[in-house]
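Residue numbers (this note's numbering): 23 to 433. Every residue, glycine too, gets a C-beta built ideally from N, C-alpha and C. From a predicted model like this one, the values you see are computed outputs, not experimental measurements.
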RNA sequence: GCCAGGGUAGGGUAGUUGGUUAUCCUAGAGGACUGUGGAUCCUCCGACCCGGGUUCGAAUCUCGGCCCUGGCCCCA
């Protein structure tokens with residue numbers, strides 16, 4: 023039997039309904055903040071992604087040659103595409119631009135819990151606003167969005183300037199090696215590396231910086247930071263908003279183009295792959311031949327949010343089964359139509375079953391049955407049966423609709 | 001790319017000194033039952049992940065691959 027490709031998933035209706043429910047909660051939050059949806063191609067020139075992230079990522083992408091000999095890649099993330107689109111289509115649009123997206127991405131990696139080769143991201147990008155309030159808005163929006171889904175998570179906010187200031191005397195490759203140690207909390211390795219670089223005193227400052235939980239402490243360790251005021255403003259805006267977060271100056275986000283504020287969210291009930299959100303301020307447009315516009319954005323790992331939410335029950339549709347005899351069929355079609363016009367999900371038997379068998383099936387799949395035989399066809403009434411209680415009465419279609427609508431799903 | 005544990009109908013399972021037609025539950029279809037369901041009974045449907053090897057004979061032993069689950073690495 024044919025199998026689906028490794029790391030991909032099929033979604034049955036129950037799961038899709040749960041996913042759409044959460045998706046729409048995020049969409050609604052984005053809408054309320056003024057972030058409007060954009061859509062970019064599923065595949066792009068390979069170069070778009072290597073320019074952003076380096077040649078190394080080719081190994082972790084779905085890369086292919088099209089019939090015209092073009093080097094293309096399935097998108098491994100969406101920020102690069104959005105910024106490309108901004109340069110191509112919207113450079114002169116009034117700033118700031120508030121955009122969001124919900125779309126699938128592809129990465130060629132070893133699957134595990136919360137990590138798939140096709141996965142969905144809900145992200146936002148705020149383009150062209152370079153202020154403390156812009157940074158704060160994006161973080162508050164991220165928190166709002168995660169709150170709307172119902173996940174329990176920890177949000178960590180940091181700023182790259184502190185670490186960059188401590189490391190400013192090191193060459194970029196050395197900086198990267200040090201950051202790698204910090205990211206893994208490998209303090210022994212860090213010490214060895216710094217000793218080898220003849221900078222042993224840095225080890226203490228760096229590890230202390232990671233332990234800092236207030237701006238004041240961080241400023242004391244890292245010294246005179248460029249943009250100090252902006253950082254203070256951003257953090258005081260977050261504090262004023264009353265949102266929950268913690269400061270963490272060890273967030274490195276691994277990428278050179280992040281410029282300042284960075285933040286990450288972690289689900290409290292997931293294992294190794296528990297990061298559900300990542301974002302920060304960055305400058306990327308100039309890489310793709312655009313202006314050096316400031317941007318700030320984040321992406322939420324939608325599938326991980328769903329894993330974290332687990333088997334949470336979602337509200338189900340009320341289902342009405344239209345059950346009829348041969349004589350009642352024409353009237354039944356008419357009744358089904360007006361039920362649907364009233365917004366009620368209505369399903370008819372397609373198997374030419376007898377009345378008993380139709381009801382047997384309805385009892386497994388529906389909340390109510392509308393029974394229509396010769397008697398109902400002649401009187402233009404319907405028999406409404408509550409499949410939960412067995413209670414049954416004959417009334418006109420409009421009253422039946424009212425009854426079903428007032429009752430709701432009872433499965 | 002690395003490590004561990006797995007893979008028998010749609011879902012869940014039984015099945016080793018290798019041996020008839022692979023067990024049971026559930027789901028699905030049909031019937032007993034052409035104006036009223038969930039019970040019961042009957043019938044049907046449907047599986048040994050793939051390939052090589054050993055053997056008279058492999059779900060079972062063996063090798064390779066694929067896939068799943070979790071972890072490492074990575075994580076844009």
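Exposure label - residue i; buried when at least 16 CB within 10 Å
i           : result
residue 93  : exposed
residue 143 : buried
residue 406 : buried
residue 433 : In this predicted model, residue 433 has a pLDDT of only 47, less than 50, meaning its place in the structure is not dependable enough to derive any value.
residue 159 : buried
residue 34  : exposed
residue 413 : exposed
residue 401 : exposed
residue 283 : buried
residue 258 : exposed
residue 399 : buried
residue 237 : buried
residue 329 : buried
residue 201 : buried
residue 114 : exposed
residue 203 : buried
Collapsed DSSP secondary structure at residue i in the structure displayed
i           : result
residue 291 : coil
residue 217 : helix
residue 178 : strand
residue 57  : coil
residue 166 : helix
residue 24  : coil
residue 187 : helix
residue 321 : strand
residue 304 : strand
residue 273 : coil
residue 282 : strand
residue 432 : With a pLDDT of 49 at residue 432, under the threshold of 50, the modelled position of that residue is not reliable, and the figure given next carries that caveat. DSSP places residue 432 in coil when its eight states are reduced to three.
residue 95  : strand
residue 105 : helix
residue 357 : helix
residue 132 : coil
residue 224 : helix
residue 309 : helix
Paired residues, beta bridge with residue i - DSSP
i           : result
residue 392 : 344 and 406
residue 199 : Its beta-bridge partners do not exist; DSSP assigns none.
residue 370 : 344
residue 125 : 143
residue 33  : Residue 33 pairs with nothing; no bridge assigned.
residue 297 : 288
residue 414 : 407
residue 67  : 94
residue 85  : 95
residue 148 : 120 and 318
residue 137 : 134
residue 268 : 178
Of the listed residues the options, nearest to residue i (C-alpha basis)
i           : options               : result
residue 403 : 332, 420, 411 and 389 : 420
residue 122 : 399, 310 and 50       : 50
residue 393 : 364, 343 and 410      : 343
residue 86  : 187, 65 and 56        : 65
residue 189 : 244, 417 and 396      : 244
residue 285 : 272, 293, 291 and 294 : 272
residue 435 : 35, 60, 26 and 269    : Any question about residue 435 goes unanswered here, given that the chain covers just 23 to 433.
residue 384 : 117, 345, 172 and 78  : 345
residue 109 : 192, 310 and 58       : 310
residue 67  : 396, 103 and 151      : 103
residue 287 : 131, 426, 279 and 176 : 176
residue 267 : 45, 35, 145 and 180   : 180
residue 372 : 351, 412, 27 and 100  : 351
residue 173 : 296, 307 and 25       : 296
residue 78  : 215, 262 and 98       : 98
residue 112 : 313, 367 and 132      : 313
residue 364 : 135, 95 and 423       : 423
residue 183 : 279, 206 and 119      : 279
residue 409 : 25, 131, 391 and 253  : 391
residue 306 : 262, 107, 84 and 324  : 107
residue 52  : 69, 140 and 163       : 163
residue 118 : 146, 133 and 141      : 146
residue 362 : 334, 274, 339 and 374 : 339
Stretch pair the region 295-302 + the region 314-323: three plus CB contacts closer than 8 Å = yes
Spell out a yes or no on whether the region 163-175 and the region 225-245 are touching, meaning 3 or more CB-CB pairs, one atom from each, closer than 8 Å.
-> Contact check between the region 163-175 and the region 225-245: fewer than three CB pairs, one atom from each, fall below 8 Å, which does not count as touching.
Contact between the region 245-252 and the region 176-189: three or more CB pairs below 8 Å?
-> yes
Should the region 149-159 be called in touch with the region 203-217, which here means at least 3 C-beta pairs below 8 Å?
-> No, the region 149-159 is not in contact with the region 203-217.
Would you be able to state if there are at least three C-beta pairs under 8 Å between the region 373-388 and the region 352-362?
-> no
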